[in-house]
Amino acid sequence: MLFPAMANCWPTGQRTFDSNLCGLAASARVDARIKELTMAKLTIKDLQQMKHDGKKIAVAVVYEYQMAKICERAGADLLSVGDSLGRVFLGLPHTDDFTIDDMLPFAKAVACAAERAVVNVDMPTATCNAGPKAVAAAALRIKNEVGADMTKVDIRQQEEALFDDVRAVVETGLPVYPQIGFPAGAGSTIHGSKADHEHMLKWAHRLEDAGAVALDLTSVTPEIYADVCKSVKIPVLGGQTGPEADGRIYVSYGLVGYQAATIDRAGAPSTAKFIFDQMKAAIDAVHSGHWKAGH
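Counting from 1, position 181 in the sequence shown corresponds to residue 256 in my numbering; the numbering is continuous, with no gaps.
Structural data, given as structure tokens:
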């Protein structure tokens with residue numbers, strides 16, 4: 076039986092018969108879910124159809140092969156290679172220090188891992204700021220060298236430049252996924268004034284008309300998320316949103332507490348603490364001269 080503990084849900088006299096039924100039903104549900112998650116690779120049109128059907132889109136930000144495999148197995152519909160990896164994985168002091176040459180090896184690893192999920196590759200901030208010609212050249216590299224399904228372009232403080240970059244990517248044939256809204260992060264302000272509301276609606280429509288296939292909307296109120304979602308046909312996703320949006324973005328490493336800074340942080344998941352404890356025990360054994368042979 077798949078879930079033995081579920082046999083305890085019924086009185087003793089019914090337990091054998093009912094627990095077998097429970098096991099069969101649970102097994103069937105798991106088999107159906109496995110079949111769903113191992114079907115043919117999703118496309119951007121599939122994500123757009125999910126919005127149309129009222130199904131929510133799960134997005135995982137990943138930087139490398141193993142986390143991509145884990146998140147896809149967990150059911151992520153979209154794997155997004157975030158340019159935050161420059162700070163998180165490469166230790167660069169600023170996002171602007173991260174280049175397209177830095178991005179491509181990580182993007183290739185994630186694309187290699189993905190069997191079902193759509194793959195997005197963030198356009199590095201420095202490239203976005205370099206203008207449409209640089210953006211188009213980078214988009215072609217992401218398309219041809221990585222085989223990604225789309226790229227995210229983000230210049231939230233320079234909207235006309237963002238529009239020009241989006242058009243440049245569209246002309247390369249690589250689908251584009253602009254990020255709009257306001258700066259996100261610790262201590263950032265959530266915007267929700269009437270002017271903000273109207274501005275986000277205008278930009279969402281303008282970018283959809285320009286050829287955007289999805290939008291990443293940041294640092295706005297639930298009301299703005301809801302209204303933007305209703306007003307455009309393409310999926311609207313976000314990292315701070317609730318169910319009013321078409322989907323939620325999770326930075327996988329933050330969600331599981333992978334960063335070394337979480338080792339001493341109580342009250343939150345810390346994969347880093349697990350790794351630290353395992354490595355500390357092994358290293359201490361070596362230093363003491365009492366380690367065991369084998370792997």
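Positions of the beta carbon are idealized from the N, C-alpha and C atoms, including for glycine.
- Between the segment 214-228 and the segment 262-273, are three or more C-beta pairs nearer than 8 Å? The answer is no - the segment 262-273 does not touch the segment 214-228, with fewer than three Cβ pairs under 8 Å.
- Item | Exposure label - Leu96; buried when at least 16 CB within 10 Å | What you label residue 96 is simply residue 21 of the sequence shown in a count that begins at 1. With a pLDDT of 47 at Leu96, under the threshold of 50, the modelled position of that residue is not reliable, and no figure is offered here.
- Query: Hey, Val326 and Val136: beta-carbon distance below 8 Å or not?
  - Reply: By one-based count along the sequence shown, residue 326 stands at place 251. By one-based count along the sequence shown, residue 136 stands at place 61. Result yes, Cβ atoms of Val326 and Val136 sit closer than 8 Å.
- Give every residue of the same chain whose Cβ lies closer than 6 Å to the Cβ of Phe164, excluding the five residues on either side of it in the sequence, and list them in chain order. Translated into positions along the sequence shown, residue 164 becomes position 89. Closer than 6 Å at the Cβ level, and outside the excluded window around Phe164, lie Tyr138.
- Query: Is Asp284 buried or exposed, if buried means 16 or more other CB atoms sit within 10 Å of its CB?
  - Reply: Here residue 284 is taken as the residue at index 209 of the sequence shown, counted from 1. Looking at its Cβ environment, which holds fewer than 16 other Cβ atoms inside 10 Å, Asp284 is exposed.
- Query: How would you label Gly364, buried or exposed, when you count the other beta carbons within 10 angstroms and need 16 or more for buried?
  - Reply: For this step, residue 364 is matched to residue 289 along the sequence shown. Result: exposed.
- Item | CB contact flag (Leu122, Val193, <8 Å) | For the purposes of this step, residue 122 is taken as the residue at position 47 of the sequence shown. For the purposes of this step, residue 193 is taken as the residue at position 118 of the sequence shown. Yes, they are a contact pair.
- Query: For the alpha helix (DSSP H) that Lys227 lies in, which residues bound it at each end?
  - Reply: Counted from its first residue, the sequence shown places residue 227 at position 152. Element bounds for Lys227: not the alpha helix (DSSP H) but the beta strand (DSSP E), 225-229.
- Is the CB-CB distance between Ala343 and Ala335 below 8 Å? Working through the sequence shown from its first residue, we reach residue 343 at position 268. Working through the sequence shown from its first residue, we reach residue 335 at position 260. It is not a contact, given that the beta carbons lie outside the stated cut-off.
- Message: Classify Gly88: buried if its beta carbon has 16 or more other beta carbons within 10 angstroms, exposed otherwise.
- Response: As a first step, residue 88 is located in the sequence shown; it is residue number 13 there, counting from the start. At Gly88 the pLDDT is 44, less than 50, meaning the model places this residue with poor confidence and gives no usable figure here.
- Should Gly286 and Val311 be called a contact, given that it needs their Cβ atoms to be closer than 8 Å? Within the sequence shown, the letter at position 211 stands for residue 286. Within the sequence shown, the letter at position 236 stands for residue 311. Going by C-beta atoms, Gly286 is not nearer than 8 Å to Val311.
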